[in-house]
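What follows is a set of notes on a single structure, which appears directly below.
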Amino acid sequence: MDSIFDQIHERRDTDSQKWQKYEGKDILPMWVADMDFKAPQPVLDALHERVDQGIFGYARPERSAVDSILEMLERNYSWKVDEEWLVWLPGLVVGLNITSRAFADPGDNILTTTPIYPPFLLGPRFQNRSVTKAKMALDGDRWVFDWEAMEATVNEKTKLFLFCNPHNPCARVFEPEELEQVASFCERHSLILCADEIHCELLLDGRRHIPIATLSEQVSQNSFTLISPSKTYNLAGLGCSLAIIPNRTLRNRFAAASRGIMAEVNNLGYTACEAAYRHGGEWRDELLSYLGSNRDLVREFAREHLPGIKIYEHEATYLSWMDATALGQDDPVAFFESHGIGLTDGAFFDSPGFVRLNFGCPRSTLQEGLNRMRNAIQSLG
Ligand SMILES: Cc1ncc(COP(=O)(O)O)c(C=O)c1O
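So my numbering is basically just the index in the sequence shown, starting at one, shifted up by 1014.
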């Protein structure tokens, strides 16, 4: 039987950033991280019901929405979170900017590893904090931390480590030992640990996510975690995310840095978030199996038909990280666009010559996108 994820939904004439970018052009958009799938039916039903109420005043989460988060964290990760640790955010990019303001003063350094999701680099800069970058390394086809590079990069001005797990764009799910290493590195250098775990429900092949804050009480008190239902349930346009900040002092600093400039979460965001966490599990399981097959297709197709493209172990997310430097193109994104496929430029992730392909789409669309990549490469002769 066909999967619901095989259905094509026309997004060209909708308010989609992803599709509007190439309006009027025959370019398949496989760039920004949202999926071409409808949100789970229980989420749509809850939204309809909320819209039918017809009033959209200043919002505050219902008790049941708060409980849905706490229950999800306990159910999925055996993580007992206190209600007062939750800070609702209209988006995690906002969260990364507030984080930079809150936990580093101008002149301080914020450390992250590259390649990395661009707002990890831009958030600090937008807030006039400097970023220091340690490059990740390869262990075979797997991206890993380069501890020597990390130790060489950190100094007394470094105050904060921005950590992404599961990793965008490297698609890694860090092992318990790697999490321990991250935590002890932060402790040794007195760094506050910001863990962006937005992709934590998108682990493939039955892997289990471990929130780094659950390693120990000490890590929990020295860190905070950013999550959102937006990636998994395809709700990015509804702007509902959370910071989980167990330590009161850190929470107060975060609140002080947000005051007056952070928008509140909107009514529909709360509604969708609760419905996704309460009733989205079955849909998510199907999604993961579909994404796993899409990942396999990308891997097999790249191996057979995309000479000059290198791909890596892919453990989570629907974002495939590709080294295209061997193609010898100054601007690989423009090159692929000229053959009808729109990818994300690795330069934004501090990796020029790389591209990122979003395979959160029906398989037929993915196949067409991959065919276009093959045609592009074949055109080089
Ligand atoms: C690691 C990571 N953090 C944050 C975001 C964006 O979050 P939001 O849409 O809530 O701003 C993304 C989006 O792709 C992401 O990959």
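Even for Gly, the Cβ is constructed at its ideal location relative to N, Cα and C.
Distance, Cα to Cα, Gly1294 vs Gly1121?
44 Å
inquiry  = Please state the DSSP three-state secondary structure of Ser1018.
reply    = With the sequence shown as reference, residue 1018 is identified as Ile, and Ser is not the correct amino acid for it. Helix, per DSSP.
Quick one: what does DSSP say Ile1323 is sitting in, helix, strand or coil?
coil
C-alpha distance - Arg1262 paired with Arg1074, whole-angstrom precision:
21 Å
Inset, instruction - Decide yes or no for the touch test of the stretch 1123 to 1139 against the stretch 1177 to 1187: beta carbon pairs closer than 8 Å, at least 3 of them. - result: yes
Considering just the uninterrupted stretch of the beta strand (DSSP E) at Ala1227, what are its terminal residues?
Premise fails: Ala1227 is in no beta strand (DSSP E) and is neither H nor E.
Once the 5 residues before and after Phe1117 are set aside, which same chain residues still bring their CB inside 7 Å of it?
Lys1173, Leu1174, Ile1206, Arg1267
TODO: Measure the Cβ-Cβ separation of Leu1384 and Phe1315 and say whether it is below 8 Å.
DONE: yes
Next item on the list: Just list the alpha helix (DSSP H) runs in the stretch 1026 to 1100, keeping only unbroken ones of 4 residues or longer that don't cross its boundaries, in chain order.
Entry: 1031 to 1034, 1055 to 1067, 1077 to 1091
Rounded to the nearest angstrom, what separates Glu1063 and Leu1394 at their Cα positions? 54 Å
#### Entry: Contact under 8 Å by Cβ, Leu1229 with Leu1193
yes
Using only CA atoms, which one of Val1095, Lys1039, Glu1351, Gly1137 lies nearest to Ala1257? Val1095
* Asked: With a Cβ-Cβ cutoff of 8 Å, do Ala1290 and Tyr1247 count as a contact?
  -> yes
For Thr1246, which three-state DSSP category applies?
helix
Problem - beta strand (DSSP E) runs wholly inside the stretch 1297 to 1358, at least 3 long, in chain order - result: 1333 to 1337
Checklist entry - So what does Ser1144 bridge to, in DSSP terms? => result Asn1123
Which residues does DSSP pair with Ala1151 in a beta bridge? Val1158
(message) Give the residues whose C-beta lies closer than 6 Å to at least one heavy atom of ligand 1, in chain order.
(response) Ala1047, Gly1105, Leu1106, Val1107, Tyr1131, Cys1178, Asn1182, Asp1210, Ile1212, Ser1242, Ser1244, Ala1250, Ser1255
*So, using beta-carbon positions, are Gly1253 and Val1279 closer together than 8 Å?*
yes
**Request:** Write down the C-beta distance between Gly1356 and Tyr1036 rounded to the nearest angstrom, noting that I regard them as a contact closer than 8 Å.
**Result:** 6 Å
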